[in-house]
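Going line by line, the protein sequences match chains A and B. Counting in my numbering, the first sequence runs from 590 upward without gaps. Counting in my numbering, the second sequence runs from 648 upward without gaps. Ideal Cβ positions, reconstructed from N, Cα and C, are used throughout, including at glycine. All values reported here derive from a predicted model rather than from experimental measurement. Single-structure report; data block below.
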Amino acid sequence: MNELYPHPRINGPIIQVTRLSKHYSNGHGVIPVLRGVNLEIHPGEMVAVMGPSGSGKSTLLFILGLLLPASSGNYQFLGQDVLNLSRTDQADFRRRRVGFVFQNCDLFENSTVYENLEFPLVYAQVERHERPARIVAALERVNLAHRLRHPANRLSGGERQRVAVARALVNQPQVILADEPTGQLDRQNGHMIMENFKQIMAQGDTSLVIVTHDTQVAECCHRTFSLEDGVLYES
Amino acid sequence: MRFSDLIRVSIRQLVRHRRRYWGVMLAIALGTAGFITIITMGRDLKQNFNRDLELLGRATLVKVYFERLPAYFHQNFTSATVQALRKMQGVRDASLAVCTYMAQSSNNGVAHNFSLFGVDNAFWDVCGFTTQDGRLTSLADNDLRQRVVVLGPELAQTLFGRKDVVGKKLEIQQDIYTVVGVLKNVGLGDLSHFAFMPFTTAQDRILRISPANRIYLRTLTWDDVDKVAPLIPQVIQSVQYAPGLKVEVAWDQVKRVKAVAFWVQLFIYSSIVATLILGGVGIWTVMMAAVRTRTREIGLKKAMGAEDQAIMAQFLAEAVCLSFTASLAGSFVGLLTVEVTSHLISSHPPQGLFLFCVILGLVVAVGLGVAAGLYPSLQASRMEVVSAIRYE
Ligand SMILES: Nc1ncnc2c1ncn2[C@@H]1O[C@H](COP(=O)(O)OP(=O)(O)OP(=O)(O)O)[C@@H](O)[C@H]1O
Ligand SMILES: [Mg+2]
Chain A
590 MNELYPHPRI NGPIIQVTRL SKHYSNGHGV IPVLRGVNLE IHPGEMVAVM GPSGSGKSTL
650 LFILGLLLPA SSGNYQFLGQ DVLNLSRTDQ ADFRRRRVGF VFQNCDLFEN STVYENLEFP
710 LVYAQVERHE RPARIVAALE RVNLAHRLRH PANRLSGGER QRVAVARALV NQPQVILADE
770 PTGQLDRQNG HMIMENFKQI MAQGDTSLVI VTHDTQVAEC CHRTFSLEDG VLYES
Chain B
648 MRFSDLIRVS IRQLVRHRRR YWGVMLAIAL GTAGFITIIT MGRDLKQNFN RDLELLGRAT
708 LVKVYFERLP AYFHQNFTSA TVQALRKMQG VRDASLAVCT YMAQSSNNGV AHNFSLFGVD
768 NAFWDVCGFT TQDGRLTSLA DNDLRQRVVV LGPELAQTLF GRKDVVGKKL EIQQDIYTVV
828 GVLKNVGLGD LSHFAFMPFT TAQDRILRIS PANRIYLRTL TWDDVDKVAP LIPQVIQSVQ
888 YAPGLKVEVA WDQVKRVKAV AFWVQLFIYS SIVATLILGG VGIWTVMMAA VRTRTREIGL
948 KKAMGAEDQA IMAQFLAEAV CLSFTASLAG SFVGLLTVEV TSHLISSHPP QGLFLFCVIL
1008 GLVVAVGLGV AAGLYPSLQA SRMEVVSAIR YE
């Protein structure tokens, strides 16, 4: 399914994280957020991460997406250690492997929906004539093809969230890291997003890590984890 | 990131945030337009000043004559000599004159002595004389050897007791002349007491008139004086035998005019440079502000895999597009100004120079964009992803 970067078929886990810890330091001292997280995700798997506010769920996703360096621990992606990549290789990793949906569903405000979805393709150097088809296909997955030329700052909250999901899909990544992508959606639309994720994961080469507070969403996933006191428990 | 995408995205940004960029673009456009106009029109404007500003007076006037020694009393210049001088580079025109200091007239039975010039019609333009009343002598007056005189205002006063004497008759050496004009008393000096008549008439009718032994020559601009003056003897001697030749230049005035021109030019150039610096500082501030307000956008782009260089290139391209567009607009304004001014002073500015200025202006603008945009772009490219995304 992925014509962009054919994913190597592998049997082992796509993501393998061991004893991962992360602490922030501010002026007053260090704030430990993650302490020894272990996580293994296989191709085609859907994983939900739950946990109270401020427990470090977003932090975990950032580290998985190489948006934030870990303090210590080990992170292997397709068997390759990715924590010590150079800045350029990190960018390359984010471009090819990861689709990110942010918690506050940041969009490019002064741009249209189309332009928002175009940026990942621009950075991936996709030929210009190939872009419209991909963008429309991604938007169709979230039922927003009719908003193609709509300015991003005139979308409703739910529409923004769906555009953010479509933007994470457009590059056909190996891992989708979604931080509460259904938070603002009604049940029907939330269901639609999850069905879409299911369809994509069913093809077997993409995995999903989704942070959510919604148990119904978590039930759609293969496994559910909860993050408490910096440690990840499978429930 | 592809180049075509880079440019497309940058221009889109500029267009969408055009309000933010207006002021800076205006400054750069004006600077460029001023630069192009001043450089292209500089020489023509100088010539025009030279023609119009009486203040220049004798600075660009060169007088050529023979030393007043008995050996040279009968030397004269030929019209071929005047032609040769006219063709020199940097010379606007040259005029040949004869003169006597002992012309006599009797008016109402009272006799007067005064000086008299016989001049060709180029004389007036060369010396910058105009009339306050009536007209100057013309080519036709010269061809037809008309008996007409133009009087200096003081002479008119002495002869007639008043200055509005156009149409009056004046007797000079038993011939009756018509006064056709009275000169304006600006920059005349002693010549205010002189009378002027057509060159040919003077040669024909005035007793003891001198040989044609003086040439007045006007250069195009004050910068031409020191180039033209030293070459004059050479040019004359290639046409005729001319011992005892003297070339007189009002070096003092040339120096003073040059000093004034220098300060004026310095002022103009420094205001252009100031405008451009202002533009540069403007780009800097605008880009710094853009980097700050677009922090989240930068974080997002990095999160979707934009490399540091891509972010940097993006902001740099915006700065360059900004200054380049502004400079391009300035070039059009410059073209317009050059067209209008050259129409007004009816001159033909050199096309090559204009093109050179436009290209130089664009190159400088790109340089300005890069220089002023570099630091903000660098700042943008160095941002950490998460702190950028969590930035409020
Ligand atoms: N840059 C930082 N410096 C200091 N502390 C930080 C920083 N970023 C996050 N934190 C702290 O780390 C903790 C974890 O933050 P994180 O955003 O991962 O929580 P979360 O589980 O996503 O919460 P929520 O469900 O509310 O989104 C919080 O207590 C937060 O205050
Ligand atoms: Mg969070």
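| Check | Outcome |
| --- | --- |
| Same chain only: Cβ atoms within 6 Å of residue 1012/B, ignoring 5 sequence neighbours per side | 970, 971, 974 |
| Residue 755/A versus residue 966/B: straight-line alpha-carbon distance, rounded | 31 Å |
| CB contact check: residue 761/A to chain B, cutoff 8 Å | no |
| Test: residue 870/B CB closer than 8 Å to a CB of chain A | no |
| Where residue 735/A falls: helix, strand or coil (DSSP) | helix |
| Terminal residues of the beta strand (DSSP E) in which residue 843/B lies | 841-845 |
| Ligand 1 heavy atom lying under 7 Å from the CB of residue 799/A | no |
| Residue 746/B (DSSP reduced to helix, strand or coil) | strand |
| Lining residues of ligand 2 - beta-carbon closer than 6 Å to any non-hydrogen atom, in sequence order | 646/A, 647/A, 692/A, 768/A |
| Residue 656/B to residue 1022/B span [Cα, whole Å] | 20 Å |
| CB of residue 733/B within 8 Å of CB of residue 867/B, strictly | no |
| Within 8 Å, strictly: CB atoms of residue 838/B and residue 799/B | yes |
| Beta carbon proximity, residue 669/A to chain B, threshold 8 Å | no |
| With 16 other Cβ atoms within 10 Å as the buried cut-off, status of residue 669/A | exposed |
| Short Cβ contact (8 Å threshold) for residue 859/B with residue 743/B | yes |
| Nearest residue (CA-CA) to residue 923/B, options 1009/B, 1036/B, 819/B | 1009/B |
| Rounded straight-line distance, which links the Cα of residue 1029/B to that of residue 643/A | 27 Å |
| Residue ranges of each alpha helix (DSSP H) within the region 718-801 of chain B, 4 or longer | 726-733, 769-774, 786-790 |
| Straight-line gap, residue 801/A to residue 960/B (C-alpha atoms, nearest Å) | 37 Å |
| Same chain, Cβ closer than 8 Å to residue 750/B, neighbours up to 5 away in sequence not counted | 760, 761, 762, 763, 819, 820, 842, 853 |
| Chain-order list of residues whose beta-carbon lies under 7 Å from that of residue 944/B (same chain, five-residue window excluded) | none |
| Given 8 Å, three or more beta-carbon pairs between the region 625-636 of chain A and the region 598-614 of chain A | yes |
| Contiguous alpha helix (DSSP H) assignments of at least 4 residues, all confined to the region 612-662 of chain A | 646-653 |
| Extent of the continuous alpha helix (DSSP H) to which residue 905/B belongs | 898-940 |
| Backbone CA spacing between residue 692/A and residue 1036/B [nearest angstrom] | 10 Å |
| Residue 891/B, enclosing alpha helix (DSSP H) - first and last residue | That residue, residue 891/B, is in no alpha helix (DSSP H); it is neither H nor E in DSSP. |
| Residues near residue 653/B by beta carbon distance below 7 Å, same chain, minus five either side | 960, 961, 964 |
| Test: residue 948/B CB closer than 8 Å to a CB of chain A | yes |
| Any non-hydrogen atom of ligand 1 within 7 Å of residue 619/A CB | no |
| CB contact below 8 Å: residue 675/B versus chain A | no |
| Cβ-Cβ separation, residue 662/A to residue 795/A (assumed contact under 8 Å), whole Å | Contact flag wrong, Cβ pair sits at about 24 Å. |
| Neighbouring residues, chain B, relative to residue 709/A (Cβ below 9 Å) | 951, 952 |
| Test: residue 691/A CB closer than 8 Å to a CB of chain B | yes |
| Residue 811/B versus 689/B, 906/B, 830/B, residue with shortest Cα-Cα distance | 830/B |
| Contact with chain B by residue 591/A, beta-carbon distance below 8 Å | For residue 591/A, the predicted model reports a pLDDT of 44, less than 50, meaning its position is unreliable; a value from the coordinates is still stated below. No, residue 591/A lies away from the interface with chain B (no Cβ there is under 8 Å from its Cβ). |
| Rounded straight-line distance, which links the Cα of residue 775/B to that of residue 985/B | 27 Å |
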